[in-house]
DNA sequence: CTTTTTGAACTGACTGGTCAGTGCAAGGGA
DNA sequence: TCCCTTGCACTGACCAGTCAGTTCAAAAAG
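Residue numbers (my numbering), protein chains in the order written: chain A, 1397 to 1612; chain B, 1397 to 1612.
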């Protein structure tokens, strides 16, 4: 009954214990992401997730309020990885003194890297992102916003700098670029996994920079 | 146990008697596609589908062997609509004497039209297409092949005619174009539904033809 | 240093509900 | 008449979420 934290100081009584918890949560995320990517949310059971994570079912509910919340936290956790890596790629390119188009290219590369590293997470986003009437819709909108905004930002700067035409439609172009990379990468992973990332990147760069049509 | 179509001839046994049955099946497809697009396959119940279609649950099982098979037939039915309309757009463009790039543009338009007309079907494909370990995986591979092949065909002709560089990677470019249209269109439907299709089409054309970068 | 206490973390059997699929008698429509 | 549809009761599997009880490392007491 006595409240927690009766023991040590105020600030870090849970440093050691929270490590354990953190580890468990990470294991659950890892188990959940692949299972849900493969089977979808509804056909993945909490028992399966617990089993693959190597913990008891009760532990899932000790760490997350519900199956739904586990999933939403997973989505939020994943998008931070993506948005951060996109932004870092763009910033690094700018620091290197590259043009805005170079920054876009760097983001394409970052996108490919991300998808190669977290294929299941990517599959999962794609499967859920345009679905309507689901419980986590609002979470997904935030998540999408977070990623698209980074791309739009670079496009906006490119237009401001005169590198891109003022006629382009920024939100739509951002979506289109995003989709281009997304679908090309998923197909790469699913149907031509032997190809190198440099190869795929080069093809997409070419497409982006309009060197496809119009022979030299 | 006995397969369906034990009845009449070998090839088209359901032609005459089918009218009534066909109507029921179409109603079931329509009901299923929106429900599954919204909720996913597993969380959509057969009772819901029957109710929305306005038929009895028993009728579902009279017309389809299982929930799974209803879904697979829906996938097959849908892809015919898409592949046909892409091919027709390309052919019509060629008949009009357009270039191969014109044909690609016509296919983008056809893709946008399709997504605008069958948004639920599109959402459903996206949600399932890159998923692994599902019962209908092989059906989906066929389905994807059917659509991508059309795009690849036009790209191949364009390269043969010298309209596109020989350096392009045809399968990957086809995927990327497909993804570009797909994601741009889904975002359009979900987040900027007020925009006209001509508007969206114009932006994507510009992106395709490399008029984005490189100011005049 | 040893013993006891504490409580966060974890466990897994259990419950209440849901749903795919079945069976069948009766009711149309062509 | 025959094919299709209806309505409805029923079964058995499956599954999200619960809860009483266990574990164990670190803090407190001796």
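Where is the CB? At the ideal position from N, CA and C, for every residue including glycine. Please read all numbers here as calculations on a predicted model, not as lab measurements.
Within the same chain, 1518, 1581 come within 6 Å of residue 1511/A by CB-CB distance, once the 5 residues on both sides are set aside.
When 7 Å is used as the limit between beta carbons, residue 1535/B is near no residue of chain A, the shortest such separation being about 15 Å.
Counting only unbroken stretches of 3 or more residues, no beta strand (DSSP E) element lies wholly within the segment 1534-1592 of chain A.
Distances from the CA of residue 1594/A to each of 1568/B, 1591/B, 1588/B, 1598/B were compared; the closest alpha carbon is that of 1568/B. Three or more Cβ pairs drawn from the segment 1493-1501 of chain A and the segment 1557-1575 of chain A lie within less than 8 Å of each other, which places the two stretches in contact.
The alpha-carbon separation between residue 1448/A and residue 1454/A amounts to approximately 14 Å. Using a 10 angstroms sphere on the CB of residue 1597/B, the tally of other CB atoms reaches 16 or more, which defines it as buried.
Not one beta carbon of chain B lies nearer than 9 Å to the beta carbon of residue 1478/A. Closest by C-alpha distance to residue 1534/A, out of 1501/A, 1469/A, 1462/A, 1452/A, is 1469/A. At a cut-off of 9 Å, the C-beta of residue 1524/A has a neighbouring C-beta in chain B.
If you check the CB distance, residue 1531/A and residue 1429/A do not come in under 9 Å.
Residue 1584/A belongs to the set of residues whose beta carbon lies under 9 Å from a beta carbon in chain B.
Secondary structure of residue 1489/B (DSSP, three-state): helix. Our two residues, residue 1570/A and residue 1425/B, have alpha carbons roughly 34 Å apart in a direct line. At a C-beta separation below 7 Å, residue 1596/A has these neighbours in chain B: 1568. Exposed is the label assigned to residue 1537/A, since fewer than 16 other Cβ atoms lie within 10 Å of its Cβ. Chain-ordered, the chain B residues with CB closer than 9 Å to the CB of residue 1602/A read 1561, 1563, 1564, 1565, 1569. Between residue 1540/A and residue 1436/B, the gap from beta carbon to beta carbon reaches 9 Å or more. Per DSSP, residue 1510/B is one residue of the alpha helix (DSSP H) stretching across 1496-1513. With a threshold of 9 Å between beta carbons, residue 1553/A makes no contact with chain B. When 7 Å is used as the limit between beta carbons, residue 1474/B is near no residue of chain A, the shortest such separation being about 16 Å. Only exposed fits residue 1458/B, as fewer than 16 other CB atoms lie within 10 angstroms of its CB. Short of 8 Å from the beta carbon of residue 1488/B, and not among the five residues preceding or following it, lie these beta carbons of its own chain, in chain order: 1502. Taking a C-beta distance under 9 Å as the contact criterion, residue 1467/B and residue 1579/A do not qualify as a contact pair. Residue 1462/A sits exposed, since fewer than 16 C-beta atoms from the chains shown fall within 10 Å of its C-beta. The straight-line gap separating the alpha-carbon atoms of residue 1548/B and residue 1483/B is approximately 11 Å. Across the structure, residue 1476/A and residue 1543/A are spaced so that their CA atoms are roughly 9 Å apart. A direct Cα-to-Cα measurement between residue 1551/B and residue 1564/B gives close to 9 Å. Taking a Cβ-Cβ threshold of 8 Å, the residues of chain B close to residue 1579/A are 1571, 1572, 1574, 1575, 1576, 1578, 1579, in chain order.
Using a Cβ distance threshold of 9 Å, residue 1490/B and residue 1506/B do not count as a contacting pair.
Of the residues 1592/A, 1525/A, 1590/A, the one whose Cα lies closest to the Cα of residue 1587/B is 1525/A. When only Cα atoms are considered, residue 1509/B and residue 1522/A end up about 21 Å apart.
Not a single CB atom of chain A sits nearer than 9 Å to the CB of residue 1422/B. Residue 1513/A and residue 1601/A have their C-alpha atoms spaced approximately 20 Å apart. Excluding residues up to 5 positions away in sequence, 1451, 1455, 1459 lie with their Cβ nearer than 7 Å to the Cβ of residue 1420/B in the same chain.
Scanning chain A for C-beta atoms nearer than 7 Å to the C-beta of residue 1439/B yields 1438, reported in chain order.
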